[in-house]
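Residue numbers (this note's numbering), protein chains in the order written: chain A, 69 to 593; chain B, 59 to 439.
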């Protein structure tokens, strides 16, 4: 996250509104939530401030701030409520918090970039999904030692325990390595917690990033949020709709195979579906759309009925959601983690870019009130840049944000058909944003010599397509103060010709340029 | 007079040395599987027992036998190659590793991953042997050996540059907590000490491929095919006999002075420090530390045959009605008291017969004298 701020630091350097002290403001960025078994406490993992904040759900006040490791992501509460396990993704550790003392009592070593940590029902072992090593650590909680690693899919990230505790499900944010120009394929890894072994891998076809999972109280229904992009469609076809289909996938004993169903509508999309929760009475399912600043409320009986009658025929049917979506609830910016109170009456939503928690009444599907976690009240240009990065509203019909392909500022592992468009031949991969500084020139042909050229005008052209970018044109308001985001882009340099610094194309750039200028029927394979 | 002659004859017969009862060796009822039963191919290179499942690596696919049915995996299902040469089980994770002619596969429920010399640190795609201990997967390949850390994803390569091996055609591996042994075809045996990370080689001390000049002075032969390290005892099979090494003393076995039916041994699998099974081209042999038993279709008649050899070299045929599918044995694995056997013409399941206290002696051997005595005794009654 600090590296991301550094990138936008460069872009914002010339902005008049940036004050030196702004760069030091530490936002909280609450990403994930967990609730105590009695419902009195909400545990909030704050990614940017490296903290666990404990909130009293009655008063909404923060009762304790506990320092944990770097970039804490997933967290969970033990079955007896006495421990909270929090995965410190950049430290490769898991902090164990005693919920009575409200302090860290142990730090366990995990794999590479742990994202989720869930203990079995007996409290004997801790399972940790490691994103970079694509595996699941099995850690003995008595000794703190890792017993073994189980092979997950690519980018193993999110875990959910079945209601009876015998099964653990793991989802993955990157698709599997697949045949070139093939659809993205993923899986849900199923682990038997008695034998502590992988027993099944549920295939998810045409699925790229898969995020949080939820299991219904009867153990028959599982739901996961999933990105289903059509990455080989030329970028120009985004206007035709459906280049990104944001979905939930249903799985479990009641399903012969996984059934993905869209949450989008024909002309409105709900980008980056991140977290999901099913009410204890199994009547409602909630999904956070981290790119669209909304929570979608779904009628579960209607969903199940539709899945049985229409099933896989509806996976790309953008009219399908009208059969099961109850309503869309606006919340704060970049809503990621959600969690239900044990009685199911409240849904807590972590608004990551606002440092607040929205509290929804699940009966009325409305926001009742918000908890302020106590982050800085000033929005700096860097913070605004990050908000924009996660906001899908500037793409056509809100289909995707920068974060849709650059998941957690990394990459989605897919090849995309991006410009320059000979239609269907310009396959390139998006790259990780992390550690970008100092690696210029940018773009696959080295044609962008610096960051302002890379992410200034091209971003404006493809994402913020409502504006014609010009240095001298007055700023158009777009919900942000004039001296912030637009000032950010105004500060960027004019688009230069495709050339390395010095103005000359090297040998490979000349070849690429010649090929790009060929007509498609002249092109040799 | 007549009665006197009778008594003298009986006394002479009874004075003959009593025929010792053959040693009590395990007996099996054999059930054989071929393509007709769903086995992917009759030429079975290796077999692996995994609880209630049995895996068979064949010339045309990997088969797994579970609940009375065979399921087959071939390249279309994700296998690196249809010829599966070796198998190993990761007891921690339940994953099965298969060495093939085109790479190394990890078979995890619902998924098969392929490691090749191009996409990983695998030394060569022809993977003759694979073994697992702890976090490590050890491979024996046609061009050296490699080791994969399943936790970190790191590979290590071992060849003539960083080990004493002077031949890089590595045929088999047997890893354990303290030592890892490699059988190097034409290069003897290599020992890796896990603690010191040092290598040591064991070679035929007489250097003669055609003769054995110094018996029990070292490894029987350089052309080693298999190693099995159990309870601190190393068993080695070669194409020219077999060896047992206890860390200090070698004991070698040849067909001329032991119960080995043939010196051409494709695999040895130790039960413990005293007992081992030998897969030869002339039958399956079992050694209990003193006595031998051979199980096979007879070389001449192809009828089921079991032979027992005691410490004095006495060979007794045991009457049996079943035998392994073929005399050319390539590998074995154990399932409780049962044994599974990979042969050139099918997979055999040896179901242990628990009550083998009554052994029947056939007519065709030294039992003839014993029978005569019994006939006489009958007459005397």
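Using N, Cα and C, we set each Cβ at its ideal position, and we do this for glycine too.
Coarse secondary structure for residue i, derived from DSSP in three states
| i | result |
| --- | --- |
| residue 476 of chain A | helix |
| residue 166 of chain B | strand |
| residue 464 of chain A | helix |
| residue 276 of chain A | coil |
| residue 303 of chain A | helix |
| residue 285 of chain A | coil |
| residue 229 of chain A | strand |
| residue 222 of chain B | coil |
| residue 389 of chain A | helix |
| residue 308 of chain A | helix |
| residue 217 of chain A | strand |
| residue 365 of chain A | strand |
| residue 248 of chain A | coil |
| residue 431 of chain A | coil |
| residue 398 of chain A | strand |
| residue 215 of chain B | strand |
| residue 581 of chain A | helix |
| residue 519 of chain A | helix |
| residue 380 of chain A | helix |
| residue 208 of chain B | coil |
| residue 61 of chain B | helix |
The alpha helix (DSSP H) enclosing residue i, as first and last residue numbers
| i | result |
| --- | --- |
| residue 368 of chain A | 368-377 |
| residue 454 of chain A | 449-458 |
Neighbourhood of residue i by C-beta distance below 7 Å, restricted to the same chain and skipping five residues each side
| i | result |
| --- | --- |
| residue 136 of chain A | 118, 119, 120, 154, 156, 163, 172 |
| residue 133 of chain A | 119, 121 |
| residue 202 of chain A | 220, 221, 222, 223, 224 |
| residue 399 of chain A | 361, 362, 363, 417, 419, 426, 435 |
| residue 359 of chain A | 339, 340, 458, 459, 460, 468, 469, 471, 472 |
| residue 193 of chain B | 207, 208, 209 |
The beta strand (DSSP E) enclosing residue i, as first and last residue numbers
| i | result |
| --- | --- |
| residue 325 of chain B | 323-328 |
| residue 155 of chain B | 154-158 |
| residue 299 of chain B | 299-303 |
| residue 256 of chain B | 256-260 |
| residue 324 of chain A | Residue 324 of chain A -> no beta strand (DSSP E), and no H or E assigned at all. |
| residue 278 of chain B | From DSSP, residue 278 of chain B is part of no beta strand (DSSP E); its letter is neither H nor E. |
| residue 176 of chain B | Element bounds for residue 176 of chain B: n/a, residue is neither H nor E. |
| residue 636 of chain A | In the structure as shown, chain A begins at 69 and stops at 593. Residue 636 of chain A is therefore absent and cannot be evaluated. |
| residue 421 of chain A | That residue, residue 421 of chain A, is in no beta strand (DSSP E); it is neither H nor E in DSSP. |
| residue 95 of chain A | Unbroken run through residue 95 of chain A: none, as it is neither H nor E. |
| residue 404 of chain B | 404-411 |
Selected residue, minimal CA-CA separation from residue i, among the options
| i | options | result |
| --- | --- | --- |
| residue 369 of chain B | B/177, B/322, B/80 | B/80 |
| residue 328 of chain B | B/346, B/82, B/103, B/321 | B/346 |
| residue 116 of chain B | B/136, B/92, B/227, B/236 | B/92 |
| residue 213 of chain A | A/198, A/220, A/227, A/193 | A/193 |
| residue 197 of chain A | A/142, A/148, A/166, A/165 | A/142 |
| residue 197 of chain B | B/180, B/208, B/211, B/209 | B/180 |
| residue 107 of chain A | A/486, A/124, A/115, A/166 | A/124 |
| residue 103 of chain B | B/153, B/157, B/178 | B/157 |
| residue 337 of chain A | A/314, A/178, A/441, A/288 | A/314 |
| residue 453 of chain A | A/205, A/401, A/498, A/320 | A/401 |
| residue 309 of chain B | B/325, B/374, B/207, B/331 | B/331 |
| residue 295 of chain A | A/160, A/127, A/371, A/482 | A/482 |
| residue 477 of chain A | A/463, A/370, A/319, A/503 | A/503 |
Cβ shell of residue i (< 6 Å), same chain only, five flanking positions each side left out
| i | result |
| --- | --- |
| residue 594 of chain A | A question about residue 594 of chain A goes unanswered here, because the residues of chain A that appear run from 69 up to 593. |
| residue 59 of chain B | none |
| residue 396 of chain A | 362, 364 |
| residue 172 of chain B | 138, 161, 163 |
Nonlocal neighbours in the same chain, by C-beta distance under 8 Å from residue i, ignoring five residues either side
| i | result |
| --- | --- |
| residue 119 of chain B | 98, 99, 130, 131, 132, 137, 140, 142 |
| residue 105 of chain B | 112, 113, 114, 115, 145, 389, 390, 391, 398, 399, 400, 405 |
| residue 403 of chain B | 92, 100, 101, 383, 384, 386 |
| residue 95 of chain B | 128 |
Heavy atom of the ligand HEM within 7 Å of residue i beta-carbon
| i | result |
| --- | --- |
| residue 61 of chain B | Among the components modelled here there is no ligand, and therefore nothing to report on the ligand HEM. |
Problem - Inter-stretch contact at 8 Å, needing at least 3 Cβ pairs: the segment 384-391 of chain A / the segment 410-421 of chain A - result: no
Exercise for the section: Tell me, please, whether the segment 223-234 of chain A touches the segment 252-261 of chain A by the rule of three or more beta-carbon pairs shorter than 8 Å. Expected result: yes
Exercise for the section: Determine contact between the segment 267-282 of chain B and the segment 296-306 of chain B, defined as no fewer than three beta-carbon pairs at a distance below 8 Å. Expected result: yes
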